[in-house]
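The structure appears below as structure tokens.
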Amino acid sequence: MFLLIFTAVILGFLFYELYWKRRNLPPGPIPLPFIGNLLEVMRNEPGYEAYRKWTNQYGPVHTYWLGSRPMVAVSDYATIQATFIQDADKYAGRFNNLEMTKMYRGGNYGVVETAGGFVEGPEAVRRVAKLLNLVFSFTLHTLRDFGMGKNIMEERVMLEVEYLLERLEKQVDSFEMQKEFDISVGSIINNILFGYRYDEDKLEEFFFVKGSISQQMKEFMNPKLFLLILYPWLRYLPYFNTACQRLFGYRDLLFNYFRKQIATKEKEYDLDEEPNDFVECFLKERSKRKGTESEEFYSEMQLLNLVFDLWVAGMETTANTLTWGVCYIVNHPEVQKKIYQELDEKIKSDRRVEMSDKNSLPYLNAVICEVQRLCNLLPQNLFHATTEDVVINGYSLPKGTSIVPQISCVMYDEKHFPEPYKFDPSRFLNADGSFRRREELIPFSIGKRQCVGEGLARIELFLFLANLFHRFEITASEKPSMKKTFGQTVQAAPYRIFAKNRFAQRH
């Protein structure tokens, strides 16, 4: 009798895992119990190959599983365009892991948790969602005022470009490019948030913040953390609790640092004065909302999480893309030669390159686009949720289904980019040498939850790379490795280069 019951339980379990729970979803790989398809993603780190394989095997709309949670992936540009752009509202919901969000952030705080979208539920829940979206709108407007409006952006970026060029002029030996870009990009975002840059006497502070974030991101890549995110109750088990405590330890280091920065602002900033940075603007807005229903959403925890999100997002992706840019260019001397030829022909003198020069430098623009495409920083995009019942490629998905535009697959799609792993800037050039815009290049995601810092990032990429290669001949005694390592984003291995002033050689 026991054997019969045991066999029936096993058969019932297999029937549920292999058929029943998957019956109404798009096809996809068979998930393992409890962990889903995590092993396959981790085995193919940073994940590209698993996502491409599933796309080829199951089609552009397929399902994979994170633990017991199904994720519908959309991995071709035409379908992403038809869903996340043309029907944007239907796919603008937030993917929420409420218990983990509360455990790590303290609640619905930060850019991701307040960003766009809809929350389903009773009137009280919808009211919260509406107020959170007000915070997100405030964040967007403030960023435009303090660093992401076009003219202000160029001024802020150009200031850091000048500081970078000055530092490199003093280098007599090889140096680590990632470190230099980190300082420059970190200074830009910190100036927007707190009103000051990382000059020489504040570099120790910068390396503390950068190091704490890097350690935290490493913890997030730990397989234990993936399981904790899926099953937060695991934190009560000793094996998982250690990883959880390490993660929270790094979070507390950062939050305590930001808390001190904010406390200094609260003490020194006069609310009657015009704000000079994001934090001052938040403090002024918070004072206006005292006594209103939105007051609780302008709390210290909200500000801490917003600052953390904006610092990480504004720093990691841009600095890593710039580092990949130099890596690819140095590995392709024929590309570097063409960049120099174009700069010499169009800029002529040793003046700085400005945004007004951008349209006259089609080859450099093509190189930047190809860098963004090939480095493909985010193998896994931000998860969305459907806000109503939808039909996509013939599959009916109920409201609340987790869905993701898999942009990493689009940028390696052979239909649009033949030989996708080859560095080839000509993909972005017309036959006459003019710049060719490719709508399939979507490094900043797409739809209603697109990257809020896209405008700033585009200016940073152009001004830093244009001025770096205009001023210096960049060489390396050993070519940088193009092997990818996975942190919060896909990172280049550390490398060292030499920078020699091109104009000093001509005098």
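Mapped onto our numbering, the consecutive letters of the sequence shown carry residue numbers 885 to 1391. Just so you know, even glycine gets a beta-carbon here, dropped at the ideal spot from N, CA and C.
Beta-carbon gap between residue i and residue j smaller than 8 angstroms
i	j	result
N1125	M1366	no
M1199	V1069	yes
L1313	R1321	no
L1114	R953	yes
C1293	S1058	no
L1111	R1119	no
F1162	L1027	yes
E1089	I1343	no
L1131	E1164	no
F1307	Y1212	yes
S1329	I1358	no
V1219	F1142	no
Range of the contiguous beta strand (DSSP E) that encloses residue i
i	result
K1151	No beta strand (DSSP E) contains K1151, which is instead part of the alpha helix (DSSP H) from 1122–1152.
I1326	Per DSSP, I1326 belongs to no beta strand (DSSP E) and is neither H nor E.
R1380	1380–1385
S1286	1286–1289
R1393	Absent from the model: residue 1393. The displayed extent of the chain is 885 to 1391, so no value can be given.
I1097	Taken as a continuous stretch (DSSP letters only), I1097 belongs to no beta strand (DSSP E), being part of the alpha helix (DSSP H) at 1087–1104.
K1368	1368–1370
T1359	1356–1359
S1240	Careful: S1240 lies outside any beta strand (DSSP E) and carries neither H nor E.
V1255	No beta strand (DSSP E) contains V1255, which is instead part of the alpha helix (DSSP H) from 1246–1259.
Other residues of its chain near residue i: CB distance less than 7 angstroms, five sequence neighbours each side excluded
i	result
T1205	V1255, Q1256, C1259, L1261, L1345
R1051	E1064
K1283	E1004, T1270, T1271, E1272, D1273
H1354	L1227, I1231, V1237
E1298	P1304
T1207	M1061, Q1062, F1065, A1376
G931	V925, P1263, Q1264
Y975	T967, F968, H1268, T1270, I1287, G1331
C1128	L1112, R1119
Separation of residue j from residue i, as counted between CA atoms
i	j	result
E1324	V1251	16 angstroms
V1374	M1101	12 angstroms
S1071	S1310	33 angstroms
G1133	L1187	19 angstroms
F1078	K1094	16 angstroms
S1361	I1381	7 angstroms
V925	T967	25 angstroms
F1387	E1226	15 angstroms
L1137	K1221	45 angstroms
T985	W1195	19 angstroms
I1287	E933	19 angstroms
D1083	K1168	27 angstroms
R1054	G1337	Residue identity check: residue 1054 is Lys in the sequence provided, not Arg. Cα to Cα, the separation comes out at about 31 angstroms.
P1006	G977	Any reading at P1006 needs caution, since the residue's pLDDT is 45, under 50, leaving its predicted position unreliable; the model's value is listed next. When rounded, the distance between both Cα atoms is 16 angstroms.
V1009	Y993	With a pLDDT of 45 at V1009, under the threshold of 50, the modelled position of this residue cannot be trusted; read the value that follows with caution. Near 15 angstroms, if we compare the C-alpha coordinates of Y993 and V1009.
I889	Y1296	49 angstroms
D1241	R1081	26 angstroms
R936	I914	16 angstroms
S1021	G1175	20 angstroms
Local Cβ density within 10 Å of residue i, reported as buried at 16 or more and exposed below that
i	result
N908	exposed
I1076	buried
H946	buried
A962	exposed
G1317	exposed
D1193	buried
V1275	exposed
A1147	exposed
V1056	exposed
Y1247	buried
G912	buried
Y1182	buried
I964	buried
Minimum Cβ-Cβ distance from residue i to chain B less than 8 angstroms
i	result
G1079	No chain B is part of this structure, which consists of one protein chain only.
8 angstroms CB neighbourhood of residue i in its chain, flanking five on each side removed
i	result
M1042	R1236, E1238, L1347
H1300	Y961, V1294, R1322, E1324
E1229	none
R927	A934
F1139	L1188, F1192
Own chain, CB closer than 6 angstroms to residue i, minus 5 neighbours either side, in chain order
i	result
G920	W949, L950, G951
Y1379	P1364
V1210	M1061
K1160	The amino acid at residue 1160 is misidentified as Lys; the sequence shows Asn. If we look at N1160 and ignore the five residues flanking it on each side, its Cβ neighbours are G1079.
F1267	F979, S1286, V1288
Y942	P911, G912
T939	S959, C1293
Residue range of the unbroken alpha helix (DSSP H) whose run includes residue i
i	result
F968	Per DSSP, F968 belongs to no alpha helix (DSSP H) and is neither H nor E.
A1376	Counting along the chain, A1376 falls outside any alpha helix (DSSP H), though it belongs to the beta strand (DSSP E) covering 1374–1376.
W938	932–942
Y1394	A query on residue 1394 cannot be resolved here, the shown segment of the chain reaching from 885 to 1391 and no further.
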